Structure formats: C-alpha cells, structure tokens
Amino acid sequence: MAAKRHHDDSDQEREQSGDKRMRRLPSFPTVIREAIMAKSLQNILFTLEPLLRKVVQEEVERGVIHSMRSFQRSNSIQIEAAAAESSNLKLVFKNQLSLPIFTGSKIEDIENKPLQLAVVNMLTGEEVPASSLPSPIKLELLVLDGDFPSDDKEDWTTAEFQNNVVKERTGKRPLLTGDVNVTLRDGTVLIPDLSFTDNSSWIRSRHFRIGTRVVPGSYDGPKIKEAMTEPFMVKDHRGELYRKHYPPALGDEVWRLERIGKDGAFHKKLSAQKIYTVQDFLKLLAVDPRLLRNILGVGMSDRVWEATVAHAKTCIIGEKLYLFHGSQCSLLLSPVCEVVGIINGSITLTLQDLGRSQRAYVQNLVSEAYQNWDKMEETDALFTQRNIMAQNVPMHQSGVETLPWYQVHQENEINYQVDEFGIPDPAALPCFD
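Counting from 1, position 17 in the sequence shown corresponds to residue 16 in numbering that gives the first Met the number 0; the numbering is continuous, with no gaps.
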C-alpha cells in the first residue's frame, strides 16, 4: 500500500509539472503576434535610422559651420581692423534723403538737391582735403537691406556689407537705375540721376538703404569704408498722386498739406468754403485764423491743426506783392494777405508804427482786401520800392511782426536816420478814422 501511494504521488507530481510546462508555452497566435511586433519594430528602426543619421549629421555640420563662420568673422574683423589702422577714411552722404521715395522718381536730398558723396575722417568727422586723396576713385551705388546693420552698428565688415546687398526680383529690372557708377574727384561727387524701379514691400524689413563703396579691384590706396543712408520705404509711383509737397507751393491743392486727405472730410469742408489751394488756406489763416479753425471743426484736434499750419507756413511765397487802395491809405500785401506796408500819402509805415485805432482800421481794410482779392493790383517788391524811392520816401527798417514768411533782403534795405529825412513821429500822425 505504501508503495502504491508513493507511485501515485510521483505520477501526480509529473502531471502537475507537465501542466506547468504547457501553461508556460505561448500559444500559436501569441507567437505570431509577437513575431509581427518584432518585425514592425525592426522595420521602424530600419526606417528611422537614415533620418536620425541625417538629423545628427546636419546638426554636427551646422555646429561646425557656425564655428567656422565665427572664426572667419573674427579673422575678417581683425584683418580689416589691421588694414584700417593706417586709414580712418569713410564715405558719407552729405545730407539725408528727401522722403517719401516713390518708384521712378528722382532721389534727392532733404534740400531737394542731388545726392552728394564725400570722404571724411572717421575720427574727426571732417571732410578729408582733396589733396590727400588719390583721384579719381570709382564708386558704385547699391541697394541694401533696411535691417542692416543690426542696431545701427558701424563695425560691419566688407563681407557683411556684400551679403546684405539686395538684388532685383526675378524678371525685374535692376532695383537702382541712373548714376549707379560714379567717379569721385577732389574728394566729392554729385549723383544727379538716381531712382528705384521697384518698391520695398517684398522684403522682410520692408525698407531699403542706399549704400556706396569703392568698386572692388579698382583702387589700391588706403581703405575707404562704405557709406549708407538711413533706412526708408520705397512706395509705388501710384502713391505719388497723393504725395504731400515739402515745401508746398501757393498753387498746390489744399490737400497737399499734412493731415488733409484728398477728398477727405477736411478737404470737403475747406472746398465748401472756397478754400481750394494752399494760398487760399494761408490767406484766411492771416485774416481770420479762428474762422479757419472753426471751418475744420472739432474733428481736427489741436495737434493736427498745429501740424497742418506748420506745414503750410513752410510755403515759399516769393516776392510778388499786391496793392489795395482804401479811402484813407493803401495797403501793400504779400501773396498770403499779410501786411507788408501801409502807404499814407508820402509816408510808408508798418503795423508796428501804428496806434491802436490805426491798426483796427488797417485790419478792417485787410479783411476788405481779402474779400476783393480778385480786384487787387499786382506788383513786385523791387518795383514798389523804386516807386517809393522816386518819391524820396524811405522804407522802414523794422520787420513786420505778423510776417513769418516775408523776408526783407539786405540789398533792398535803405539805411536812414529819421531825423535826416524829417519823417514825423508815427505817434503824432492823425488817426485814419
């Protein structure tokens, strides 16, 4: 019995051990699934391997290139600094540009003159004497990105200057046309003809600069650093139709003034009061500035009003004068209805010479002249002065306090002493009223 139990126990242990082995063996679907997963992972790794290799390679190359560029820039700066040790010469544009700039329009400086280049000493800022410069020196003008140099630093290298040159768009004409190649003689050169063929809206900064440099390979003298203008936008020539004029002309339409848009609210208000030109605007400004301000209304802020008036007052009015005859005196007026002189018989006076009641009369006469401007007698300063001189009546030397635009030329002034000519004291003159 004991032997039988021992045998049964052994059989039972073998069966349990076999069951455990069977449970540990994976099923066929499991084996297949695991095989597919392993194959998929292998395929993924096989697919990713070239990509990972490429990314690593690019990052390594980028790091190497960056290091090389830093090294080259450092060397370039050192080389150029060493070359510049014996030279402090630099090209400069003598004046800022006249803005805005439109495609096809001639580029001029802020004084409406051709651009002018000169060579200066970077240490002193003074122009270099022509005798110390080789002559001639060939220059070329280029278009630069408006964002160059960063932070407006002056330590750019020749390579950086070249790398920021902007070329024309594909299929377009050269960006800059005209006198793009000039010759510097005696330390200076004018650029009378220069214009853009394309606007600046297509580059990231939306701004250009004009740069100039010595034509590479054409010059063996001391290094002359490149010049560049301030950044600016170039607008399409169609925008020039609405361009403001600096300075405005008397005959310009009134919307040429700052803050007055063509066919805008202010333009319509002025036109409704028959103020069509800059001259019309200035005449009413001289006669009744409060009325002019009321015409423009509360829609124009004081700040905008001041900007418009300031722009209008830059108008060059010339020397033409107008005579208006009143019952007791005649007025000599500028083209913008400002009093230049008051002629009373054989005496010519200014507003400063008059008493309060006399001034009131003159102001009323000015208003009458304004209302009858088309009946004014046109003359000129020289002709009027000669007529007065023929009467042996001297012009008064003092300026006119309300005439910010009328300039008395030195050669036209007549020096005199009041006592010599026996001119009566203006305070002793009878009032016109």
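Every residue gets a Cβ at the ideal spot worked out from N, C-alpha and C, and that includes glycine.
Quantities reported herein were computed from a predicted structural model and do not represent experimental measurements.
- Here the stretch 244 to 264 does not lie against the stretch 168 to 179, with fewer than 3 beta-carbon pairs under 8 Å apart.
- Taking the Cβ atoms as the reference, Phe207 lies roughly 7 Å from Val165, within the contact range of under 8 Å.
- Taken in chain order, the whole beta strand (DSSP E) runs of length 3 or more contained in the stretch 92 to 165 are 114 to 120, 136 to 144.
- Between Gly210 and Gly170, the alpha-carbon positions lie close to 23 Å from each other.
- Measuring C-alpha to C-alpha distances from Val91 to each of Ile341, Thr228, Ser326, Asp352 identifies Thr228 as the nearest.
- Between Arg212 and Leu96, the gap from beta carbon to beta carbon reaches 8 Å or more.
- Counting along the chain, no beta strand (DSSP E) covers Ile294; the unbroken alpha helix (DSSP H) around it starts and ends at 288 to 295.
- The three-state reading of DSSP puts Thr46 in helix, counting H, G and I together.
- Contact annotation, Ser130 with Pro221: C-beta distance approximately 14 Å; criterion of less than 8 Å not satisfied.
- Beta bridge pairing from DSSP links Glu252 with Thr276.
- Assignment of beta-bridge partners to Tyr321 by DSSP yields Leu332, Glu377.
- The C-beta distance from Ser333 to Val339 rounds to 6 Å, short enough to fall under 8 Å.
- If you look at Arg355, you'll find it in the alpha helix (DSSP H) that goes 355 to 370.
- The straight-line gap separating the alpha-carbon atoms of Ser104 and Leu114 is approximately 14 Å.
- The Cβ atoms of Leu116 and Thr187 lie closer than 8 Å to each other.
- Per the C-alpha coordinates, the member of Arg168, Ala226, Asp185, Arg172 positioned closest to Ser200 is Arg168.
- Three or more beta-carbon pairs separated by less than 8 Å are not found between the stretch 295 to 306 and the stretch 276 to 285, which leaves the two stretches without contact.
- Annotation for Arg302: the continuous alpha helix (DSSP H) segment containing it runs 301 to 311.
- DSSP, reduced to helix, strand and coil, places Met227 within a strand of the structure shown.
- For Gly210, the secondary structure class from DSSP, reduced to helix, strand or coil, is strand.
- Thr307 sits away from Arg242, with the two beta carbons spaced by 8 Å or more.
- With a 10 Å radius around the Cβ and a threshold of 16 neighbouring Cβ atoms, Gly216 comes out exposed.
- Out of Leu174, Tyr369, Val63, Glu60, the CA that lies nearest to the CA of Phe101 is found in Leu174.
- About 10 Å separates the CB atoms of Arg255 and Pro246; that is not less than 8 Å, and the two are not in contact.
- When only Cα atoms are considered, His324 and Leu348 end up about 15 Å apart.
- Spanning the alpha carbons of Val127 and Lys224 requires a straight line of approximately 13 Å.
- Around the beta-carbon of Phe147, 16 or more other beta-carbon atoms lie within 10 Å, marking it buried.
- Setting aside the 5 residues that flank it on each side, Lys112 is surrounded in the same chain by Asn94, each with a C-beta closer than 8 Å to its C-beta; the list follows chain order.
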